[in-house]
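Residue numbers (our numbering): 11 to 365. Don't be surprised by glycine CBs; every beta carbon is placed ideally from N, CA and C.
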């Protein structure tokens, strides 16, 4: 068995250039072999020695390509992932997994029938701030959690007219984009909620946007613990709020977004010593009672972010031919999409939906 998996990437847009190719070439388990570019060969200039092809048919026909990474618009994820697995390829699908839970259910079944690895690119599980929150909760440093608030806010008071902001484009809008990250993180921490209530709106409609650009989702769990997921394109305050946690013993508040996206855009790779490391000025604040009656107030050093762990995990699962080894399973993608659908239903009907 080879110690590396040959990877073909569908598309060379921002997502591919920023979040996928740099991590693929950084993983000891993976080898970037080919990229689908219909109108250019920019990927060859960035990664000399790789092969460029003009279509997914060509890519799926390359015998030496083991794993296909799909970075195309959301409404094409289902068709391409299904076809790739049926043609013998393992698959990583950019989030969101699909645009309907029915499509997601089919992909889960196809992965089982073909015995192929199928994963969803939920890289935000390896944000440094999320890893910090996860550790605080696992160690009970806030006591019993009563409220978890997670934001992914930006400021852009106009439309870029990309496919994510086109009316009628399936899977467009912020709920499918940033909402997929926030929902997946909540599911990772707390599992399936008892109920969901959501408000979803288009606040920039007068500026020509035609899709949702603001949402609040409230997930309710046992003991009335609430997970509040919030995103807006009109959040200009700096620094942006990222997390606010309240427990019976204390609170934790974290501002600033994870540093990895900006680092990858600047060409900083995981091998760099400062990759994923957040400056002390951006650390979160805790105020809580620890074991033994110790009252702690101060900064919490942010865990080192590690998007590379996603691709290392996928590479190992492919080499071992072991879907159970996956950190992000297709079933996780299915559950995330189902919650997106229920959030939209809740907003449309203005009611809480119980599971």
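Here DSSP, grouped into helix, strand and coil, assigns residue 123 to helix.
Spatial neighbours of residue 364 in its own chain (CB-CB distance under 7 Å, excluding positions within 5 residues in sequence) are listed in chain order as 204 and 205. For residue 74, the closest alpha carbon among the candidates 64, 42 and 85 is that of 42.
The C-alpha of residue 59 is placed about 43 Å away from the C-alpha of residue 239. Assignment of beta-bridge partners to residue 165 by DSSP yields 244.
Of all alpha-carbon atoms in 167, 285 and 212, the one lying nearest the alpha-carbon of residue 184 is that of 212. In this model, residue 324 and residue 285 are separated by some 21 Å (Cα to Cα).
The C-beta distance from residue 313 to residue 138 rounds to 5 Å, short enough to meet the 8 Å contact threshold. By the neighbour-count criterion, in which a residue is buried when 16 or more other Cβ atoms sit within 10 angstroms of its Cβ, residue 343 is buried. Comparing C-alpha distances from residue 220 to each of 210, 229, 228 and 226 shows the shortest one belongs to 210. Of the candidates 222, 228, 108 and 20, 108 places its Cα closest to the Cα of residue 348. Boundaries cannot be given for residue 183, as no alpha helix (DSSP H) includes it and DSSP labels it neither H nor E. A straight-line Cα-Cα distance of about 11 Å links residue 321 and residue 15. Under the 8 Å Cβ criterion, the stretch 229-248 counts as touching the stretch 158-170, having at least three qualifying pairs. Nearest in C-alpha terms to residue 144, of all of 297, 310 and 91, is 310. For the pair residue 38 and residue 302, the Cα-to-Cα distance works out to about 44 Å. Distance from the CA atom of residue 255 to the CA atom of residue 155, rounded to whole angstroms, is 7 Å. Measuring C-alpha to C-alpha distances from residue 269 to each of 70, 277 and 262 identifies 277 as the nearest. Separation of residue 168 and residue 118 (C-alpha to C-alpha, rounded to the nearest whole angstrom) is 37 Å. Relative to the Cα of residue 360, the nearest Cα in the group 233, 261, 228 and 232 belongs to 228.
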